[in-house]
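Peer 1:
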Amino acid sequence: MKESISVFCRVKPSKEAARHESSTVDKLKQLEIVVPKLDTDGHVNNKNELHRYKFNEIFEQSAYQDQVFSKVAKPVVDSVLNGYNGTIFAYGQTGSGKTFTVTGGAEKYADRGLIPRTLSYLFEQFMSDDENDYKMQISYLELYNENGYDLLSPAHDFKGLEDLPKVTILEDPVSGIKIRNLQTFPVSTEEEAVNQLFVGDTNRSIAETPMNMASTRGHCIFTLYIESRRSESSIIKRSKLHLVDLAGSERIGKSSVEWKSQVAREGKYINLSLHYLEQVIVALSEKKRDHVPYRNSILTSVLRDSLGGNSITSMIATVSLEPRNIQESLATCRFAQRVAKIKNEAVLNEELDPSLQIQRLKREVNQLKEQIRLQDGSPNARELLTESEKHDLDYQIQNFLKDPDPETVMNLDGDMRKINYSIKRLKKVANSSGRPEGIVRESGESSSNANVKHGAKQFQITPEELIRLKEILEQRDTEIAVLTQLLKKERRKPRQTAQYSPEKYTNPPLDPASSSTVAVSDDVSSNILKMSSNSMSEGRKMAFERWRADVYVEDKSYREQKKELGELILQAKAKGSKIHENRAVVNRLKGELTHKQEQIAVREATGHSDNELVQKANDIRREIEINRRNYQDAVLDLKKIKPEVEHLKHSIERQRIEMHKKFDKWFQDEAERNSLRSSSAASFTAEEHASRPASRASQATGVSLTGDAQADSDIQAFIQARQRILAQRQS
C-alpha cells in the first residue's frame, strides 16, 4: 500500500496570534496566514503578505487533546493493529506545543497526549478482540547531542542523562537498522505501560531557554512493538509504532544566549540534526534523486523506515503564530508541505511461524487419517462400544469441552460408533445448559431424580445401581431432616446462630489480634469454599459448620500464611499509594522548577543574577531525582510482592482443599457409625419407645425429640457422636 504522509497543523493558543484563517480546499484544510509588510523593509517591498498551506486537518487554538488523537493517531494505530508499521512525529520550533501534544500535560487527566491515549486505546482493542492474541513491548530512546540513550534503563545510580547506557546504531543489509543496548520491556496492562512511560519521561533532558522554560533538549522516540496471531492461524503479524517528539529548533542569535553555553551547544546539535532531517525530506520529495542521506545523523537512521520506507506516517506541525515567532512558524509549514510530497510504501508484516505450522500440519494429518478410516469403514462397526471405551470417550469429551484452546480436536479414529456416541453426549451437554459435568455418567455423585429416572434407558444402568442411587438420596434426605431439626433448636440461641450461620461458614472465628489482617486475605481465597459448598447437600453443609467449629484444629502455618498474605496485600496497597504520591510530587516539583526558571530568566534578562533562586532551582532538581528514585524503587518492590502473593494464594488454596478432604473422611466415618446405631435403634418396638419419657431423652441430649422412632434415633446418634468428639478434645 503506497500513500503520502499525512500532515496536520496545530496552532498554539496565544492572545497575540497573527491574523489567520482556515478553510477547506479540495478536501484538504488550508491555513492562511497574513504577515503585514513592515515600514523598515523600504518602499520597494515585494514580499507576500498572504501565505497559504494545505494540511489534512488544522487544529485551532481551542482544539482538545482527544480531537487531535482521533484525527492524527487513531488511523495509524488501527493500521498497526492490522500488521503495518506506523510513525507519528511532531515538528515545530521550541515552545510551540510538541511535547504537550505527544505526551500531554501533567495536571489534568483530559490533557493526556498522544502516547498515553494510544496505550489506552491499544489495550481496549486487545481486550475487545477475541479473534487475535496480542503481545506488546516498549522501548524509549532519546537522542541527545548525537548520542542515543535508553530512557528505560533500570539503573538507579545515575545523576544525569550521560550516566544512562548509550545505544549504538547498526545497519543490517537484510533486516535494516538495529539498535544495540536498547532494552524492550514487555507490558501486559495499561498500568504497566503508563508506568514505563512515566519512568522514561522523568529521565528526559530538560533545560530552560529564553524561548521555553522547560525545553526538551533531545529527540525522544517511544516505540511499541506489537505481535498478533489469530487463534486458528500459524501466521504471525509483527508491527511497530514510533511516537516521536522532536526537539524544537531555535535560533541561537535570536535567543540571546552565550555561544559557549550548554544551551547553545545543545541547540547547535538540535538544529544540525533537524537540518539533516530536512535534507532527507528534500531528497525524498525530489523524484530524480537516487541517493537519500539517511546516514548523516542518528535521527534519520532510526526513522529510515518512517520516511520513504515501510511505514504509515503522520506528521503534526505545531506553530506559534505570535509576531516574534511568525517566521519560524512559516518555516514549519513549508517543511510540512515538503513532507506531504513523500510517499511511503507500507507492507503487511506477517510471517509463518514454523512451530505453529508443524502443529497445524499434524492436526491435518490426523484428520486425514480419520477420513480414510471413515471411508474404509471400521472392522468393528457392528459391535457395540464396551464400557471401557465409553468411559474413555466421556473423559475425552470432558477435556475437549474444558480446554480453552479453540484448536483442540478429538481423536475418534474415524469410528462411526465413537462419532455417534460423542454426538449424543454433546447433545446431552447442550440440553443441560452447556455444563461439561453433564457428560459424566451417572454414579454415586448423581443429584437429580430425572437423571436416575432416565438413566437406565440412556446409559444402561443396572437395577442394582438404581437401588443404590435411591438409597444415597434417601440417606441425604435423612441427613437434611435430622440436621434441620437440630438447626431449629440452635436458632433459639441468637449468639451461636450468628457464629454458625450458613453465610459465614467460609470465615472461621478468628482471634481479634489477627482479624484485621486476615480479613483482607479471606475474601481472596474464599471462592474455594464457596465452590465446594455449592456441591454439598444441605446436610453436609450443616455438618461442615459443626465440624469446622468443634472438631477441626486449624493449622498454625495456615493462619500465619493468611496473616502474611494480608500484610503483603496491605504492603502492595501502600506501595501503590506511594507510587501515586511520588508521581504527584514530581509533577508538582516540575511546575515549581518551571516557575523558578522563569524567575531566573527574568532576572538575567534585566542584567541581574540571583544565586538564591539558582540554589532553590537546584534543590528542586535534587528533590525530583529523589522522588523519581523512590518511584522506581516502589515499582520494583511492587513487582517483587506479586509473586509472593501468588505463592501464598496457592499454598492457602492447597490447605483449604486438604481441610475439605479431612472433613469428607470424618463425615463418611460418622455416617457409618450413625447407620449402625440407627439400625439397632429401629429394632425397638413402638411400645418401648412410647413408654420412654421424651423429657428424659430431651434432658440427656438437650434437643427436643419428635416422637418418630427413626428420626429420634438419628438425632440421638448425631448428638452422641458430637458429644464424644467434644469429650475427646477436652481430655
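Numbering-wise (full-length UniProt numbering), the sequence shown opens with residue 1 and increments by one. Cβ atoms here follow ideal geometry from the backbone N, Cα and C, with glycine treated the same way.
At which residue ranges does the region 144-205 contain complete alpha helix (DSSP H) runs of 4 or more residues, listed in the order of the chain?
Peer 2: Correct list: 190-203.
Peer 1: Can you give me the Cβ contacts of residue 249 inside the same chain, cut-off strictly under 6 Å, excluding the 5 residues immediately before and after it?
Peer 2: Looking up residue 249 in the sequence shown gives position 249. Around residue 249: 93, 271 and 274.
Peer 1: Any idea what DSSP makes of residue 225, helix, strand or coil?
Peer 2: Counting from one through the sequence shown, the residue named residue 225 turns up at place 225. It is a strand residue.
Peer 1: Determine the DSSP secondary structure at residue 659, reduced to helix, strand or coil.
Peer 2: To locate residue 659, count along the sequence shown from 1; it is residue 659. In this structure, residue 659 counts as helix in the three-state DSSP scheme.
Peer 1: If you check the beta carbons only, do residue 83 and residue 77 fall under 8 Å apart?
Peer 2: The residue labelled residue 83 in the question sits at position 83 within the sequence shown. The residue labelled residue 77 in the question sits at position 77 within the sequence shown. Cβ distance not < 8 Å, so residue 83 and residue 77 don't count as in contact.
Peer 1: Are the CB atoms of residue 151 and residue 142 within a distance shorter than 8 Å?
Peer 2: Counted from its first residue, the sequence shown places residue 142 at position 142. Counted from its first residue, the sequence shown places residue 151 at position 151. Contact: yes.
Peer 1: Beta carbon of residue 99, beta carbon of residue 245: below 8 Å?
Peer 2: Position 99 of the sequence shown, counted from the first residue, corresponds to residue 99. Position 245 of the sequence shown, counted from the first residue, corresponds to residue 245. In contact: residue 99 and residue 245 (Cβ atoms closer than 8 Å).
Peer 1: Kindly confirm or deny that the region 347-365 and the region 124-132 touch, where touching means at least three C-beta pairs closer than 8 Å.
Peer 2: No: fewer than three Cβ pairs fall under 8 Å.
Peer 1: Answer yes or no: do residue 31 and residue 333 have a C-beta to C-beta separation smaller than 8 Å?
Peer 2: Mapped onto the sequence shown, residue 31 falls at position 31. Mapped onto the sequence shown, residue 333 falls at position 333. Cβ atoms of residue 31 and residue 333: closer than 8 Å.
Peer 1: Whole-angstrom Cβ separation of residue 96 and residue 319, contact assumed at under 8 Å?
Peer 2: Residue numbering aside, residue 96 sits at position 96 when the sequence shown is read from its first letter. Residue numbering aside, residue 319 sits at position 319 when the sequence shown is read from its first letter. Their Cβ separation, rounded to whole angstroms, is 6 Å, which keeps residue 96 and residue 319 in contact under 8 Å.
Peer 1: Whole angstroms is fine: what's the gap from residue 546's alpha carbon to residue 402's?
Peer 2: Reading the sequence shown from its first residue, position 546 is the one you call residue 546. Reading the sequence shown from its first residue, position 402 is the one you call residue 402. Cα-Cα distance, rounded: 35 Å.
Peer 1: Between the C-alpha atoms of residue 697 and residue 544, what's the straight-line distance to the nearest angstrom?
Peer 2: Residue mapping note: residue 697 aligns to position 697 of the sequence shown, counting from 1. Residue mapping note: residue 544 aligns to position 544 of the sequence shown, counting from 1. In this prediction, residue 697 has a pLDDT of 45, which is less than 50 and means its spatial position is unreliable; what the coordinates show is noted afterwards. Spanning the two alpha carbons is a distance of roughly 25 Å.
Peer 1: By DSSP, does residue 292 sit in helix, in strand, or in coil?
Peer 2: Counted from its first residue, the sequence shown places residue 292 at position 292. Note: residue 292 maps to coil in three-state DSSP.
Peer 1: Tell me the rounded alpha-carbon separation between residue 88 and residue 243.
Peer 2: Translated into positions along the sequence shown, residue 88 becomes position 88. Translated into positions along the sequence shown, residue 243 becomes position 243. Approximately 5 Å, taken between the alpha carbons.
Peer 1: Below 8 Å on the Cβ atoms is my contact criterion, and I expect residue 90 with residue 316 to pass it. Report the Cβ-Cβ distance as a whole number of Å.
Peer 2: Reading the sequence shown from its first residue, position 90 is the one you call residue 90. Reading the sequence shown from its first residue, position 316 is the one you call residue 316. With 8 Å as the limit, residue 90 and residue 316 qualify as a contact, their Cβ atoms being about 5 Å apart.
Peer 1: In angstroms, rounded to a whole number, what distance separates the CA positions of residue 278 and residue 335?
Peer 2: For this step, residue 278 is matched to residue 278 along the sequence shown. For this step, residue 335 is matched to residue 335 along the sequence shown. C-alpha separation (whole angstroms): 8 Å.
Peer 1: Looking at the unbroken beta strand (DSSP E) that takes in residue 275, where does it start and where does it end?
Peer 2: Residue numbering aside, residue 275 sits at position 275 when the sequence shown is read from its first letter. First-last for residue 275: 262-285, but that is the alpha helix (DSSP H), not the beta strand (DSSP E).
Peer 1: Does residue 289 come within less than 8 Å of chain D when only Cβ atoms are used?
Peer 2: No chain D appears in this structure, which consists of one protein chain only.
Peer 1: By DSSP, does residue 71 sit in helix, in strand, or in coil?
Peer 2: Here residue 71 corresponds to residue number 71 of the sequence shown, with the count starting at 1. Helix.
Peer 1: Please give me, in chain order, every unbroken run of the beta strand (DSSP E) with length at least 3 that falls completely inside the region 92-151.
Peer 2: Correct list: 132-144 and 147-150.
Peer 1: Nearest by alpha-carbon distance to residue 67: which of 79, 558, 80 and 10 is it?
Peer 2: By 1-based counting over the sequence shown, the position of residue 67 is 67. Nearest option by C-alpha distance: 10.
Peer 1: Is the region 178-198 in contact with the region 162-169, if contact means three or more CB pairs nearer than 8 Å?
Peer 2: Yes: the two stretches touch, three or more of their Cβ pairs being nearer than 8 Å.
Peer 1: I'd like the span of the beta strand (DSSP E) that includes residue 318, first residue to last.
Peer 2: In the sequence shown, the residue the question calls residue 318 occupies position 318. Start and end: 312-319.
Peer 1: Closest to residue 192 by CA distance: which of 658, 716 and 636 is it?
Peer 2: Looking up residue 192 in the sequence shown gives position 192. Ranking the options by Cα distance to residue 192, first place goes to 636.
Peer 1: How would you write the range of the beta strand (DSSP E) that residue 344 sits in, first residue to last?
Peer 2: Taking the first residue of the sequence shown as 1, we reach residue 344 at position 344. Unbroken beta strand (DSSP E) run through residue 344: 343-345.
Peer 1: Could you tell me whether any non-hydrogen atom of the ligand FAD is closer than 7 Å to the CB of residue 638?
Peer 2: Looking for the ligand FAD in the displayed structure turns up nothing, as the structure carries no ligands at all.
Peer 1: Buried or exposed: where does residue 116 fall if 16 or more other Cβ atoms within 10 Å of its Cβ makes it buried?
Peer 2: In the sequence shown, residue 116 corresponds to position 116, counting from 1. Residue 116 is buried by the Cβ-count criterion.
Peer 1: By DSSP, does residue 5 sit in helix, in strand, or in coil?
Peer 2: Indexing the sequence shown from 1 puts residue 5 at position 5. Of the three classes helix, strand and coil, the one that applies to residue 5 here is coil, per DSSP.
Peer 1: Let's test the definition: count the other Cβ atoms within 10 Å of the Cβ of residue 5 and tell me whether it reaches 16, buried, or not, exposed.
Peer 2: Within the sequence shown, numbered from 1, the residue matching residue 5 stands at position 5. Residue 5 should be labelled buried.
Peer 1: Here's a check: name, in chain order, each residue in its chain whose Cβ is nearer than 6 Å to the Cβ of residue 603, leaving out the five neighbours to either side.
Peer 2: If you number the sequence shown from 1, residue 603 lands on position 603. Answer for residue 603: 610, listed in chain order.
Peer 1: Any idea what DSSP makes of residue 327, helix, strand or coil?
Peer 2: Position 327 of the sequence shown, counting from 1, holds the residue named residue 327. In the structure shown, residue 327 sits in a helix (DSSP, three-state: H, G or I).
Peer 1: Express the C-alpha separation of residue 3 and residue 416 in angstroms, rounding to a whole number.
Peer 2: Stepping through the sequence shown from its first residue, residue 416 is reached at position 416. Stepping through the sequence shown from its first residue, residue 3 is reached at position 3. So the two alpha carbons sit approximately 56 Å from each other.
Peer 1: Going by Cα to Cα distance, which pick from 266, 322 and 139 is closest to residue 35?
Peer 2: As a first step, residue 35 must be located in the sequence shown, where it is residue number 35. Checked all of 266, 322 and 139; the closest Cα to residue 35 is 322.
Peer 1: Suppose you measure from the CA of residue 297 to the CA of residue 304; what does that come to, to the nearest Å?
Peer 2: As a first step, residue 297 must be located in the sequence shown, where it is residue number 297. As a first step, residue 304 must be located in the sequence shown, where it is residue number 304. Spanning the two alpha carbons is a distance of roughly 11 Å.
Peer 1: For the candidate residues 429, 234 and 428, whose alpha-carbon lies nearest to that of residue 362?
Peer 2: Here residue 362 refers to the residue found at position 362 when the sequence shown is read from its first residue. Of the candidates 429, 234 and 428, the one whose C-alpha sits nearest the C-alpha of residue 362 is 234.
Peer 1: Expressed to the nearest angstrom, what Euclidean distance is found between the alpha-carbon atoms of residue 229 and residue 170?
Peer 2: Position 229 of the sequence shown, counting from 1, holds the residue named residue 229. Position 170 of the sequence shown, counting from 1, holds the residue named residue 170. Whole-angstrom Cα-Cα distance: 29 Å.
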